[in-house]
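S.K.:
Written as structure tokens, this is what we have:
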């Protein structure tokens, strides 16, 4: 076994490796967060690191580069607080520290909470380290089908325990209860359950119900609570979102999570309707040439005034890439300026547009966005059709997108119909907030379980009307 040197956030470590290992495998085996949207197949070029040789710094794709003895590698930082929010909630008054964890496909959001008071002591957001195995759920299912789920689980566990350890060191307290939400696949990976069944019909999950583990699974908590999911592709993140937004109260309300799965839950006249669409990873910044999650340096908002562009980034850092909300703003800007037409085609000599040095949108990015927004729009309209309604009282947009979403941009690009503009509520990370409520309250946990089993799941893959709407909304 040989060694190389890794520099991350200014800290240098000596890391062992075996001859023939790629830099990507060495880095992810040692807990470093490296995006590899293609799963390490050498096609996405998102896994860049920097080699330092003789005073010269060279960017390389870590999946294409073999580790060598005495190599010095700089790994880009992916810290960020941008996708974490907070709110007061009721508590049963237990003593101790709790942790509500939202496992997003792209981002992990941690809430360390005083169980007695409900006060959030610390909030942390970081990239999901599983991005080294692919950008979206399907690519990770494919990896697990070929290699088993254990590597995905251990990578996630290492990151979660690392964050918990850092908290315990800072606050000198351990975690009594860990409440976990996320889509159904993420919860299976967390629990170490095989996920190959999600890749083939009838997509049968090992579990949907809430699960409790006492000092099990290897996570640094006395008790682990997995929150309930609705179906294979409508997860606990939506259940928690319904809790956080009080979805079933006061009229007709729709909850939309703009993530890889495009999960939706509609509450109308005492009934719940749920569905999901294969939106792809564009809304989470993945699958986009300069896309990234909601971490420092991600362009989250783009606005124009008097001909001047204004870019807002997570953490107010120099722009490194663009996340989902920035993508929506960017596409809307290109439409308004006539840079692209209603079909998405560029009307300029170059099929790309630069919003900042090294941050641009390409024709391929526009097409990926069109597929994602069309799927979501068609899903919404199909769900409303099933419930025999055309309007809602509130349209909650949740997930990372919910922090920065510009309503005008969302309507301009056709993500939501114009008549719903004033109904849109940017709700933020409702999955995390609902998980926090379930962490603190037995009543909230009981309500979540009841919601998860009462929703009617509407499959879209066999509906001709969904397919027609999908094709219709491909245009801007």
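Numbering (this note's numbering), first residue to last: 2 to 477. All C-beta atoms, glycine included, are put in the ideal place defined by N, C-alpha and C. Given the structure is predicted, the values throughout are model-derived calculations rather than measurements.
Looking only at its chain, what residues have a beta carbon closer than 6 angstroms to the beta carbon of residue 235, apart from the 5 residues adjacent to it on each side?
M.R.: 264, 275 and 277
S.K.: Can you list, in chain order, the residues of its chain with a C-beta nearer than 8 angstroms to that of residue 467? Leave out the 5 residues immediately preceding and following it.
M.R.: 379, 380, 383 and 461
S.K.: Quick check for students: name the residue ranges of the alpha helix (DSSP H) that lie wholly in the segment 227 to 294, counting only runs of 4 or more.
M.R.: Every alpha helix (DSSP H) of 4 residues or more that sits fully in the segment 227 to 294 is shown, in chain order, as 237 to 246.
S.K.: State whether the segment 95 to 114 contacts the segment 123 to 136, with contact taken as three or more CB pairs (one from each stretch) at a distance under 8 angstroms.
M.R.: The segment 95 to 114 vs the segment 123 to 136: in contact.
S.K.: Could you check whether residue 90 and residue 119 sit closer than 7 angstroms to each other, using their CB atoms as the reference points?
M.R.: Contact flag set, yes.
S.K.: Would you mind working out which of 24, 127, 125 and 329 sits nearest residue 76, comparing C-alpha positions?
M.R.: 24
S.K.: In three-state terms, what does DSSP make of residue 65?
M.R.: If DSSP states are grouped into helix, strand and coil, residue 65 belongs with the helices.
S.K.: Just reading off the alpha helix (DSSP H) that residue 112 is part of, what are its end residues?
M.R.: Element bounds for residue 112: not the alpha helix (DSSP H) but the beta strand (DSSP E), 108 to 115.
S.K.: Would you kindly check if the distance between the Cβ of residue 435 and the Cβ of residue 180 is under 7 angstroms?
M.R.: no
S.K.: Return helix, strand or coil for residue 132, following the three-state DSSP convention.
M.R.: helix
S.K.: Give the straight-line distance between the Cα atoms of residue 86 and residue 145, rounded to the nearest whole angstrom.
M.R.: In this prediction, residue 86 scores a pLDDT of 49, lower than 50, which makes its location untrustworthy; the coordinate-derived value is nonetheless stated afterwards. Distance between the alpha carbons of residue 86 and residue 145: 32 angstroms.
S.K.: When you compare only the Cα positions, how much space is there between residue 205 and residue 199?
M.R.: Computed Cα separation, rounded: 6 angstroms.
S.K.: Any contact between the segment 335 to 351 and the segment 220 to 231? By contact I mean 3 or more CB pairs, one from each, below 8 angstroms.
M.R.: Result no; under three Cβ-Cβ pairs closer than 8 angstroms.
S.K.: Would you kindly report the start and end of the unbroken beta strand (DSSP E) that includes residue 355?
M.R.: 353 to 357
S.K.: Using DSSP bridges, identify the partner residues of residue 208.
M.R.: Residue 208 is not bridged to any residue.
S.K.: Any idea which residues DSSP pairs residue 51 with across the strands?
M.R.: Looking at the DSSP assignment, residue 51 forms a beta bridge with 60 and 75.
S.K.: Mapping the DSSP letters down to three states, classify residue 124 as helix, strand or coil.
M.R.: Note: residue 124 maps to strand in three-state DSSP.
S.K.: Closest to residue 3 by C-alpha separation, out of 239, 19, 342 and 163, would be which residue?
M.R.: 19
S.K.: Please state the DSSP three-state secondary structure of residue 45.
M.R.: coil
S.K.: Mapping the DSSP letters down to three states, classify residue 467 as helix, strand or coil.
M.R.: Residue 467 falls in the helix class under three-state DSSP.
S.K.: Take residue 311 and list the residues in its own chain whose beta-carbon comes closer than 6 angstroms to its own, dropping the five residues that flank it on each side.
M.R.: 304
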